[in-house]
Ligand SMILES: CC(C)(COP(=O)(O)OP(=O)(O)OC[C@H]1O[C@@H](n2cnc3c(N)ncnc32)[C@H](O)[C@@H]1OP(=O)(O)O)[C@@H](O)C(=O)NCCC(=O)NCCS
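In our numbering, the protein residues as written are 105 to 289.
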């Protein structure tokens, strides 16, 4: 799926975006973060990297990660309910993977609910695999989380798959394409 680029813009999340992000979050997550969480993430967490996807200047989705040593940990990704299924989640996730390359991370991890098929499917399209479970991880119903893992993001198979997705995106503000090679130390 190719996204029609003109009115789509990816940019780092700013304080001004938080109200719109919260509105999406309340609608699409069973356990939304508390109101102050994004302010804290943007202003007090130096490991945090958050992005918004705007369509016609309105936030249609967002996502973020923490840079933890050689690992990027995806903390959240959400797309407005009425905008799902149009490739926006894939574009935001691609931006998170791309930031992970820029951060010189080696691996990307995340947790997902076992019944969240759209999200699991999205991560699998990038080559992520389920590597384990965290027992009773979700506080609303005590269900387990699946832990998904990228494997080495510089491995040719992972990177080829990522670049094939990346090269089909037409969105302003995606940033530089990572180069094809392995990073020098
Ligand atoms: C997960 C989420 C971000 C995906 O965003 P999206 O914009 O709908 O996803 P996309 O349109 O980019 O689709 C990406 C892939 O997922 C698939 N997908 C989308 N909706 C799906 C559904 N309801 N069932 C199965 N697969 C689905 C698409 O077919 C696509 O796969 P493809 O490349 O093989 O066609 C979105 O569903 C969401 O916000 N969910 C609620 C919040 C959430 O659960 N976040 C994840 C927490 S771990």
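All C-beta atoms, glycine included, are put in the ideal place defined by N, C-alpha and C.
Are the CB atoms of residue j and residue i within a distance shorter than 7 angstroms?
{"i": "residue 260", "j": "residue 205", "result": "no"}
{"i": "residue 255", "j": "residue 262", "result": "yes"}
{"i": "residue 130", "j": "residue 153", "result": "no"}
{"i": "residue 114", "j": "residue 226", "result": "no"}
{"i": "residue 244", "j": "residue 138", "result": "no"}
{"i": "residue 252", "j": "residue 200", "result": "no"}
Which of helix, strand or coil does DSSP assign to residue i?
{"i": "residue 170", "result": "strand"}
{"i": "residue 270", "result": "helix"}
{"i": "residue 155", "result": "strand"}
{"i": "residue 230", "result": "coil"}
{"i": "residue 283", "result": "coil"}
{"i": "residue 150", "result": "coil"}
{"i": "residue 177", "result": "strand"}
{"i": "residue 133", "result": "coil"}
{"i": "residue 193", "result": "helix"}
{"i": "residue 235", "result": "strand"}
{"i": "residue 249", "result": "strand"}
{"i": "residue 121", "result": "helix"}
{"i": "residue 277", "result": "coil"}
What's the C-alpha gap between residue i and residue j?
{"i": "residue 209", "j": "residue 176", "result": "6 angstroms"}
{"i": "residue 194", "j": "residue 171", "result": "20 angstroms"}
{"i": "residue 269", "j": "residue 242", "result": "31 angstroms"}
{"i": "residue 229", "j": "residue 217", "result": "17 angstroms"}
{"i": "residue 125", "j": "residue 285", "result": "35 angstroms"}
{"i": "residue 183", "j": "residue 203", "result": "19 angstroms"}
{"i": "residue 219", "j": "residue 234", "result": "13 angstroms"}
What whole-angstrom Cβ distance do residue i and residue j have, given they're in contact under 8 angstroms?
{"i": "residue 121", "j": "residue 156", "result": "5 angstroms"}
{"i": "residue 196", "j": "residue 165", "result": "5 angstroms"}
{"i": "residue 276", "j": "residue 146", "result": "21 angstroms between Cβ atoms; not a contact."}
{"i": "residue 45", "j": "residue 249", "result": "An answer regarding residue 45 cannot be provided, because it is not within the stretch 105 to 289 covered by the chain."}
{"i": "residue 211", "j": "residue 257", "result": "7 angstroms"}
If we define contact as Cβ-Cβ less than 7 angstroms, is residue i a contact residue for chain D?
{"i": "residue 193", "result": "Although the question refers to chain D, the structure presented lacks it and comprises just one protein chain."}
Problem set entry | By C-beta, the residues closer than 6 angstroms to any heavy atom of ligand 1, given in chain order | For ligand 1, the selected residues are 132, 133, 181, 182, 183, 188, 189, 190, 191, 192, 193, 194, 216, 220, 221, 222, 223, 225, 226 and 229.
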